[in-house]
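Peer 1:
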Amino acid sequence: MKHSKAKENAVKCVFAATAIICIIAVVAIFIFLITESIPAFRKIGFFKFLFGDTWNPIASDKYDAPLSGTYGVFKMIVGTLAATCGSVVFGGTLGFFTAIFIAKFCPVKIKRLFTAVIHLLAGIPSVIFGFFGMKVLLPILGVFSSNGSGSGLLAVSLVLGTMILPTVVSLSKTSIDAVPESYYEGARALGATHEQAVFKTVVPAAKSGIVASIILGIGRSVGETMAVIMVAGNKVNYPGGFFQSFRVLTANIVMEMGYAGEVQLGALIATGVVLLIFILIVNVLLGLVTSRGKKEKSVKKRSGGFMGAFMYKIKSDRIGKAASYVCAFVTVVALFSIIAFVVVSGVPHLSFQLLFGEYVIAGAISILPSIAATFMTIAVSLLLAIPIGVATAVYLNEYTKKGSRAVKIIRGAIDILSGIPSIVYALFGMVTFVVWFGGRMSVLAGSFTIAIMLLPTVVRSTEESLKSVPDSLREGSLALGAGKVRTLFKVVLPSALPGIMSAIILSMGRVVSESAPFMYTMGSTIMPMPESFLSSGTTLAVALYKLAGEGRHTDEAYATAFVLLVIVLALNLLASFIEKKLNKKLQGDKNAVHSSKRKSFGRKKREGQREN
Amino acid sequence: MKKLGMFMLALVMAVTACVALTGCDTEKDILVVCREASSGTREAFDKYVGLEAADITSSAEEYSSTGNVREKVANTATAIGYISLASVDDSVKALKIEGVEATADNVRAGTYKIQRPFLLLTKTGLDLQPAAQDFFNYCMSKTAEAAISAEKGISTSDFASRPEYTVPETALSGNITLKGSTSMEDIIKKLVAEYQAKGGDKVSGITFTYDFPGSGGGRTAVKDDTTGNVIGLASSSSPDAAYTEHTLCLDAVAVIVHKDNDMIDDINATQLKDVYTGAVKKFSEIK
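These protein sequence lines are chains A and B, in that order.
Our numbering puts the first residue of the first sequence at -11, with every later residue one more than the last.
Our numbering puts the first residue of the second sequence at 2, with every later residue one more than the last.
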């Protein structure tokens, strides 16, 4: 008995230790951001930095000498706000009506297909959106712009809006679906038409969920880097018109971090802090909306809020219906054209040399090294993030008291981390991991950077799936005499396996589609086969960015985009396949009824946010 | 559904009409494309034109690599930009400067005005590691001339007196970081390829790390180097006690426009200044 007690404690210690590693990583980023930005804020002046409208950095500026450059990010703050507003106006409206269409007006036959396509699109790398914007959107918009370029607020809004569409649509749809059928039936029983019931009863009831989905979309817009940089024009300007070249905060970081001097780097990190504050505001808003949503459901307070005002404007339900048809149509066209663009322009340029040939410096192009680098990165980052993330989740969920303050704080920190723009992680990785691994960019440095990014996702999704394991299973196992460790490994974790598996696949998808964190940690120059984990290299998404921007290898860029899309698609299919398989197996083996409800984890996770 | 179809049709027609109306006849404004502040190309261009960062027209667009600028200009009929002459290809048209064509001979003769050196930077007071030193020796040798001119680098008059490169007798290994100017990307990659071909298994143990954030990044990297593995790349001279500049070859900055742009062939510093400050907005107004 004593022996087993020691074992129990040992295991607990291991979990606690990993949780501490995870927390250290989380805390390290905050500390990094704060300590690195404070000297810059001091030197430049807090208000001068935030509200100064001249950005003219001088790389040779030092902290112990007078500044010769000017560091004011106000124009870029305005740029980020404008881009976000634009994308929400476009993506939010389209997404809102499309969600209503899918939930309430869509013929049953195409509903499933529609939903599946939207889910697929949520995984498409942002570089592909940017590439699409650059190759398809800009030439069209160029016709209307005075200088024929097409870059600017309109292009950014359209690209970002399309990017947040899947988020807005799928979350709004879930919250509309979550409205009890009785609301709709009640309205119909009182003589309302289908449209009236939908727009006057169901949609207002789903209001908080819809607003939450739009706020999440805002978060994504604020943090996006690569897609914006490809269509914004990037001169530091106020976004004074639809076609005015301007720069957002994230673009500022990625454009200058490669060569920044002392004060300049501090100023870029301070820019990251500004982004973080934006994200915090978004998170607080989200918290307010979801908690208010909960209250409202019990008090049944009707109307109020901007969604209410919005709904009031849709006086005629027929207009609402028409709008949802039109928006759904536009959404389909937009999303379909991106896929069609990638497939049609990519497939003809696929060649054996490009896919499997040897990359020759200053010679033949091959993306095989990039594919290899991508998988190397996936391997290392998952090896780091999955054990640590899962163990942290286990510790938080199984070993701590529910609702304890410390745990709440940790969870809060992890939630905030998951919203931090990837470019901020890139800065962190460049300053820490690149230095750790010999001062030069390497696969390892890139993998460590992305592993920290993955942690919040892994912890969150694992926790969700652990929570969904009913306590009765644990109690049953304990009552039968199994110890805590045994219960954990034989009962709890196997039941949570589908959730953990999908966390793994979500993470793989994230590694494949991210690009900004790798640019200055792993390399942005396409190289021959990485010889070791200390070699530099480019992931596929970075390779696409590079090939697309160079102008010389456009054909290869198209083909790369296609390969990237295929990998994302394959990961998506794999995710749903494994989930189905595991769920079935669990159901068969253990008759675990609870898991049958959890058909798709990714979706479930999001639903969880607004379910009471 | 029928109404919806009509509506969509009307929308499409309206859009087409707009395109037709705005797209025809009227000459568009010039799209000014520049590089980011740390670029050696931009330093050389601004110096020639006499341009201050603050004066650049707000409608300009800024890109952080040579390739990005070339791509933008190649895709925009009204664009004007500047890139390294070594990176000009037939996707864009290079303008004459003060009537002089951008060619290697004119650069060497000094008649083509916007020129600058391609520099290798080494840290003062820090010896390069054997591998980096060997690669450096190769780059600065007569042997490398073929590779340099293959990527359109312009040889200086001292090329003939440069030593021949000899392959080391013992095999070398280690990492070399090449960081700096994006204008030098093509030449540096070519040099590495030729170096590897030449050195065979004597140098096959050497790995290269490339990073092309612009000349400024190369200068910072060399200053911060403690290992002796870093060779900085800069495409304009900016003397500093912390590093030594070694001239690899010469290059010119070519002013480029869309390849079908027949409104302009020749331009000078004053005209370029007018265009880049926004004083002149159309190609037809350039005088």
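Glycine included, every Cβ here is placed at the ideal spot set by N, Cα and C.
Give the DSSP-derived three-state secondary structure of B/LYS282 in the structure shown.
Peer 2: Translated into positions along the second sequence, residue 282 of chain B becomes position 281. B/LYS282 falls in the coil class under three-state DSSP.
Peer 1: Could you tell me if A/MET489 is buried or exposed, where buried requires 16 or more neighbouring beta carbons within 10 angstroms of its beta carbon?
Peer 2: Start at 1 with the first residue of the first sequence, and residue 489 of chain A comes out as number 501. A/MET489 comes out buried.
Peer 1: B/ASN269 by DSSP, collapsed to three states: which one?
Peer 2: Taking the second sequence and counting its residues from 1, the one referred to as residue 269 of chain B is at position 268. B/ASN269 falls in the coil class under three-state DSSP.
Peer 1: In three-state DSSP terms, what is A/ALA194?
Peer 2: Along the first sequence, read from residue 1 onward, the residue named residue 194 of chain A stands at position 206. Here A/ALA194 sits in coil by DSSP.
Peer 1: Taking only beta-carbon positions, decide if A/VAL556 is within less than 8 Å of chain B.
Peer 2: Here residue 556 of chain A is taken as the residue at index 568 of the first sequence, counted from 1. No, its Cβ sits nowhere closer than 8 Å to a Cβ of chain B.
Peer 1: Once you ignore the five residues that flank A/VAL144 on each side, which residues in its own chain have a CB closer than 7 Å to its CB?
Peer 2: The count along the first sequence starts at 1 and reaches residue 144 of chain A at position 156. Hits under 7 Å: ALA71, GLY74, VAL216, VAL219 and ALA220.
Peer 1: Quick one: grab the DSSP three-state call for B/PRO118.
Peer 2: The count along the second sequence starts at 1 and reaches residue 118 of chain B at position 117. DSSP places B/PRO118 in strand when its eight states are reduced to three.
Peer 1: Taking the alpha-carbon positions, what's the A/ASN225 to B/THR79 distance?
Peer 2: Numbered from its first residue, the first sequence carries residue 225 of chain A at position 237. Numbered from its first residue, the second sequence carries residue 79 of chain B at position 78. Cα to Cα, the separation comes out at about 21 Å.
Peer 1: Taking C-beta to C-beta, are A/THR548 and A/LEU559 nearer than 8 Å?
Peer 2: Your numbering for residue 548 of chain A matches position 560 in the first sequence. Your numbering for residue 559 of chain A matches position 571 in the first sequence. In terms of Cβ geometry, A/THR548 and A/LEU559 do not form a close pair [threshold 8 Å].
Peer 1: Kindly confirm or deny that the stretch 223 to 236 of chain B and the stretch 163 to 180 of chain B touch, where touching means at least three C-beta pairs closer than 8 Å.
Peer 2: yes
Peer 1: Would you call the CB atoms of B/LEU122 and B/THR208 closer than 8 Å?
Peer 2: For the purposes of this step, residue 122 of chain B is taken as residue 121 along the second sequence, with counting starting at 1. For the purposes of this step, residue 208 of chain B is taken as residue 207 along the second sequence, with counting starting at 1. By the CB criterion at 8 Å, B/LEU122 and B/THR208 fall outside the cutoff.
Peer 1: Buried or exposed, going by whether 16 or more other CB atoms sit within 10 Å of the CB of A/ILE374?
Peer 2: To locate residue 374 of chain A, count along the first sequence from 1; it is residue 386. So A/ILE374 counts as buried.
Peer 1: Going by DSSP, which residues form a beta bridge with B/ASP252?
Peer 2: Start at 1 with the first residue of the second sequence, and residue 252 of chain B comes out as number 251. Its beta-bridge partners are B/ARG117.
Peer 1: How many angstroms separate the CA atom of B/VAL74 from the CA atom of B/GLY41?
Peer 2: Stepping through the second sequence from its first residue, residue 74 of chain B is reached at position 73. Stepping through the second sequence from its first residue, residue 41 of chain B is reached at position 40. Approximately 19 Å, taken between the alpha carbons.
Peer 1: Along the chain, where does the beta strand (DSSP E) that runs through B/SER174 open and close?
Peer 2: Here residue 174 of chain B is taken as the residue at index 173 of the second sequence, counted from 1. Its beta strand (DSSP E) spans residues 174 to 181.
Peer 1: In whole angstroms, what separates the C-alpha of A/ARG208 from that of A/ILE65?
Peer 2: The sequence position of residue 208 of chain A within the first sequence is 220, counting from 1. The sequence position of residue 65 of chain A within the first sequence is 77, counting from 1. Spanning the two alpha carbons is a distance of roughly 16 Å.
Peer 1: Which bits of chain A does B/GLY217 rub up against, with CB to CB less than 7 Å?
Peer 2: Mapped onto the second sequence, residue 217 of chain B falls at position 216. Here the neighbours are ALA47 and TYR247.
Peer 1: When you compare each of A/THR81, A/LEU468, A/LEU561 and A/ASN(-3) to A/ILE203 by their alpha carbons, which one comes out closest?
Peer 2: As a working mapping, residue 203 of chain A is identified with position 215 in the first sequence. Closest by alpha carbon: A/THR81.
Peer 1: Examine the Cβ distances between the stretch 95 to 106 of chain A and the stretch 175 to 192 of chain A and report whether three or more of them are shorter than 8 Å.
Peer 2: no
Peer 1: Is the CB of B/ASN69 under 8 Å away from at least one CB in chain A?
Peer 2: On the second sequence, position 68 is the one that residue 69 of chain B refers to. Yes, B/ASN69 counts as interfacial toward chain A.
Peer 1: Any Cβ of chain A within less than 8 Å of the Cβ of B/LYS190?
Peer 2: Position 189 of the second sequence, counted from the first residue, corresponds to residue 190 of chain B. Among the residues facing chain A, B/LYS190 is included, as its CB has a counterpart in that chain under 8 Å away.
Peer 1: Tell me which residue opens and which closes the alpha helix (DSSP H) that A/LYS161 is part of.
Peer 2: Along the first sequence, one-based indexing puts residue 161 of chain A at 173. Run containing A/LYS161: 141 to 166, per the alpha helix (DSSP H) assignment.
Peer 1: Per DSSP, which residues does B/THR208 bridge with? Please list them.
Peer 2: One-based indexing of the second sequence puts residue 208 of chain B at position 207. Answer is B/ASN176.
Peer 1: Quick check: A/GLY79 and A/LEU153, are their CB atoms within less than 8 Å of each other?
Peer 2: In the first sequence, residue 79 of chain A corresponds to position 91, counting from 1. In the first sequence, residue 153 of chain A corresponds to position 165, counting from 1. The answer is yes: Cβ separation under 8 Å.
Peer 1: Under the rule that 16 or more other beta-carbon atoms within 10 Å means buried, what is A/SER524, buried or exposed?
Peer 2: Sequence index remark: in the first sequence, residue 524 of chain A carries index 536 (1-based). So A/SER524 counts as buried.
Peer 1: Could you confirm whether any beta carbon from chain B is found closer than 8 Å to the beta carbon of A/GLN232?
Peer 2: Taking the first residue of the first sequence as position 1, residue 232 of chain A is located at position 244. Interface residue, yes.
Peer 1: Just list the alpha helix (DSSP H) runs in the stretch 405 to 454 of chain A, keeping only unbroken ones of 4 residues or longer that don't cross its boundaries, in chain order.
Peer 2: 410 to 419 and 421 to 424
Peer 1: Can you tell me whether A/SER209 is helix, strand or coil according to DSSP?
Peer 2: For the purposes of this step, residue 209 of chain A is taken as residue 221 along the first sequence, with counting starting at 1. The answer is helix: DSSP assigns A/SER209 an H, G or I state.
Peer 1: Report the residue ranges of all alpha helix (DSSP H) runs contained in full by the stretch 452 to 482 of chain A; include only those spanning at least 4 residues, in chain order.
Peer 2: 459 to 467
Peer 1: Roughly how many angstroms separate the alpha carbons of B/VAL168 and B/GLY200, rounded to a whole number?
Peer 2: The residue given as residue 168 of chain B occupies position 167 in the second sequence. The residue given as residue 200 of chain B occupies position 199 in the second sequence. In a straight line, the C-alpha of B/VAL168 is about 6 Å away from that of B/GLY200.
Peer 1: Hey, could you find the ends of the beta strand (DSSP E) B/VAL93 is sitting in?
Peer 2: Along the second sequence, one-based indexing puts residue 93 of chain B at 92. That run of the beta strand (DSSP E) goes 93 to 95.
Peer 1: Buried or exposed: where does B/LYS288 fall if 16 or more other Cβ atoms within 10 Å of its Cβ makes it buried?
Peer 2: Here residue 288 of chain B refers to the residue found at position 287 of the second sequence. Around the beta carbon of B/LYS288, fewer than 16 other beta carbons lie within 10 angstroms, which makes this residue exposed.
Peer 1: Quick check: what's the CA-CA separation for A/GLY590 versus A/VAL499?
Peer 2: On the first sequence, residue 590 of chain A is found 602 positions in, with the first residue counted as 1. On the first sequence, residue 499 of chain A is found 511 positions in, with the first residue counted as 1. The predicted position of A/GLY590 is uncertain, since its pLDDT is 41 and thus under 50; no value can be drawn from it.
Peer 1: Answer with buried or exposed for A/TRP43, where buried requires no fewer than 16 other C-beta atoms within 10 angstroms of its C-beta.
Peer 2: The residue labelled residue 43 of chain A in the question sits at position 55 within the first sequence. By the 16-neighbour rule on beta-carbons within 10 angstroms, A/TRP43 is buried.
Peer 1: Could you tell me whether any Cβ in chain A is nearer than 8 Å to the Cβ of B/ALA243?
Peer 2: The residue you call residue 243 of chain B lines up with position 242 of the second sequence. Answer no: the Cβ-Cβ gap between B/ALA243 and chain A never drops below 8 Å.
Peer 1: Spell out whether any CB of chain A is found under 8 Å from the CB atom of B/ASN262.
Peer 2: Taking the first residue of the second sequence as 1, we reach residue 262 of chain B at position 261. Closer than 8 Å to the CB of B/ASN262 there is not a single CB belonging to chain A.
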